[in-house]
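Structure first, then comments.
Rendered as structure tokens:
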């Protein structure tokens with residue numbers, strides 16, 4: 007994974023050379039599904055094909071319902087969501103916008 011992060015850093019002059027490889031965004035993605043599990047700092051979202059995405063929550067993560075911000079604590083297991091995330095050099099997926107769909 008670190009080779010991809012190094013390549014991403016080399017191809018993007020806005021990424022500082024001092025930025026840790028683990029923090030470099032390699033790709034972004036979106037998953038539609040249901041919250042399978044909620045743990046401190048992490049949500050697991052299962053899509054319709056049974057794939058499970060483990061999304062880490064950080065200071066840039068936010069919950070949204072009908073365009074309004076909602077506390078992340080309001081997200082519970084079974085909630086249908088569309089979650090966007092960043093895949094970073096350390097191999098983690100960092101949740102960005104978690105849109106509650108009900």
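In this note's numbering, the protein residues as written are 7 to 108.
Backbone N, C-alpha and C define an ideal beta-carbon position, used for all residues, glycine too.
No experiment lies behind these values; they were computed from the predicted model shown.
Answer with buried or exposed for residue i, where buried requires no fewer than 16 other C-beta atoms within 10 angstroms of its C-beta.
i	result
residue 89	buried
residue 1	Limits of the chain in this structure are 7 at one end and 108 at the other, which puts residue 1 out of reach.
residue 82	exposed
residue 39	buried
residue 69	buried
residue 18	Confidence at residue 18 is low in this model, with a pLDDT of 48, below 50, so the placement of that residue should be treated as unreliable; the coordinate-derived value is given next. The residue in question, residue 18, is exposed, as its Cβ has fewer than 16 Cβ neighbours within 10 Å.
residue 87	buried
residue 41	buried
residue 51	buried
residue 13	Residue confidence for residue 13 is low, a pLDDT of 49 falling below 50, so the modelled location carries little weight; the figure read from the coordinates is stated next. Exposed is the call here.
To which residues does DSSP link residue i through a beta bridge?
i	result
residue 101	91
Could you spell out the range, first to last residue, of the beta strand (DSSP E) harbouring residue i?
i	result
residue 108	Careful: residue 108 lies outside any beta strand (DSSP E) and carries neither H nor E.
residue 33	31-45
Whether or not the segment 27-47 and the segment 89-107 are in contact is what I'm after, with contact meaning three or more pairs of Cβ atoms, one per stretch, closer than 8 Å; do they touch? As far as the Cβ criterion goes, the segment 89-107 touches the segment 27-47, which means the pair count is three or higher.
Run through the segment 54-84 for me and flag every whole beta strand (DSSP E) of 3 or more residues, listed as ranges in chain order. Correct list: 58-62, 68-71, 74-76.
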